[in-house]
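When we follow the numbering used here, the leftmost residue of the sequence shown carries the number 2, and every step to the right adds one.
Below is one structure; the comments refer to it alone.
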Amino acid sequence: STLQATWLRDDDRRPPDNFILEVVQRGLAATPKRLPSWLFYDERGSELFEAICEQPEYYLTRCEIALMRAHGAEIAAALGPDVRLVEYGSGHAIKTDLLLEHLASPVAYVPVEISPEPLRQSVQRLGERFPDVAMQPLCADFTRALRLPIAPRATRRTVIYFPGSTIGNFEAADAAVLLRKMRAEMGESGGILIGVDLKKDTALLEAAYNDAAGVTAEFTLNMLAHVNRAIGSDFDLRRFRHRARYNPMAGRIETHILSSEDQVVRVGRQQVRFRENEAMQVEYSCKYSLEDFAALAHRAGLAVREVWLDPERMFSVQYLVR
Ligand code: AVI
């Protein structure tokens, strides 16, 4: 195997330990209260997200996989030979096999993931399955400037792979900033292969974020358990609940944590009051039409070269170039 010893970890740029406390206190001081969605992803949160992907109502993963199966060869042809693939927020890299297996002579795979354990497992698995592809894992937060490992000499282009519609979790202005950062990282001849969820019937969208088994609700409330563990706050999960609704004007699912009663929560040295039914915003999942997304790409100095859709036209995978 060509599994390289490049186990890069941006320890020197790791946020200070009180970073989460500062973020939470700032979010709770805002009106309305809000917490950033990256706080979902502790170990339990990542497990719950994987369970969400298996819920019948959460069509995103199913449709994207069907799409990659149906169009893998065309997608690979668009990317061309000798690609270095950089995957943002790779997690367990469940869709990556479908891409690597079709690519002509892929040179290297660089999964960028903040959680070390899924990163280790995915390079182990993919390294065994694709022994000719150099595995260059990078343990880092993909929203920050990345120090990508040096590309092997045979690399013809760098393609950034960003599946799952994670771009939807960024508000438009932040999404444009992130796409611009990718544009710089992929270089002149590079590209971005990105999964983008599409606008559709409100009932289907809302069902996807309110599964009957309650996995999404558990995922949402786990944010409070994560915060409690990280900063010693005393959120009582039984006194809050999950709410996800589609806002058609903004074109996004808006997820809130609602306080079921009037209560006070200790956060660091502060006592924070929640009114009954007060809603704290924790996630946006933006949905795009093909035109909306082309306009966003344009704002970031990118053009949509190709779009692939699943048979039900629920989800898209798009190839962006300069
Ligand atoms: C990771 N991200 C694309 C998911 C989404 O659909 O916005 C996170 C998620 N939140 C609730 N369900 C899934």
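Quick reminder that beta carbons are idealized off the backbone N, C-alpha and C, glycines included.
Should residue i be counted as a contact of the ligand AVI given a C-beta to heavy atom distance under 7 Å?
i: Glu-114; result: no
i: Thr-217; result: yes
i: Asn-170; result: yes
i: Ser-91; result: no
i: Ile-66; result: no
i: Thr-167; result: yes
i: Tyr-247; result: no
i: Leu-222; result: no
i: Phe-50; result: yes
i: Ile-53; result: yes
i: Tyr-162; result: no
i: Glu-284; result: yes
i: Leu-238; result: no
i: Tyr-289; result: no
i: Leu-61; result: yes
i: Glu-210; result: Checking the displayed sequence, the identity of residue 210 turns out to be Tyr instead of Glu. Checking the Cβ of Tyr-210 against the ligand AVI gives yes.
Mind reading off the beta-carbon distance from residue i to residue j? Whole number of angstroms is fine, and I expect it under 8 Å.
i: Tyr-162; j: Met-136; result: That pair is no contact at about 14 Å.
i: Arg-246; j: Cys-287; result: With a Cβ gap of about 14 Å, Arg-246 and Cys-287 do not count as contacting.
i: Pro-112; j: Ala-94; result: 6 Å
i: Leu-101; j: Leu-80; result: At roughly 11 Å, the Cβ-Cβ gap does not stay under 8 Å, so Leu-101 and Leu-80 are not in contact.
i: Val-318; j: Leu-291; result: With 8 Å as the limit, Val-318 and Leu-291 do not qualify as a contact, their Cβ atoms being about 12 Å apart.
i: Val-84; j: Arg-158; result: 6 Å
i: Ile-66; j: Thr-217; result: That pair is no contact at about 19 Å.
i: Val-273; j: Leu-29; result: 5 Å
i: Leu-49; j: Phe-294; result: Contact flag wrong, Cβ pair sits at about 28 Å.
i: Leu-127; j: Leu-139; result: Going by Cβ atoms, the distance from Leu-127 to Leu-139 rounds to 14 Å, so no, they are not a contact pair.
i: Asp-198; j: Phe-316; result: 6 Å
Buried or exposed, going by whether 16 or more other CB atoms sit within 10 Å of the CB of residue i?
i: Pro-57; result: exposed
i: Asn-278; result: exposed
i: Glu-88; result: buried
i: Met-183; result: buried
i: Ala-155; result: exposed
i: Ser-190; result: exposed
i: Leu-205; result: exposed
i: Pro-312; result: exposed
i: Phe-241; result: buried
Who pairs with residue i in a beta bridge, going by DSSP?
i: Trp-309; result: Val-318
i: Glu-88; result: Pro-112, Tyr-162
i: Ile-195; result: Phe-163, Gln-319
i: Glu-284; result: Thr-256
i: Arg-35; result: Gln-282
i: Ala-176; result: According to DSSP, which records beta bridges pairwise, Ala-176 is partnered with nothing at all.
i: Ala-135; result: Ala-109
i: Tyr-289; result: Leu-199
Within 8 Å of any Cβ in chain D, is that where the Cβ of residue i sits?
i: Leu-29; result: Absence of chain D from the displayed structure is noted, only one protein chain being present.
Can you list, in chain order, the stretches of the alpha helix (DSSP H) that have 4 or more residues and sit fully within the segment 203-281?
The alpha helix (DSSP H) runs lying completely inside the segment 203-281 and spanning 4 residues or more are 203-209, 216-232, given in chain order.
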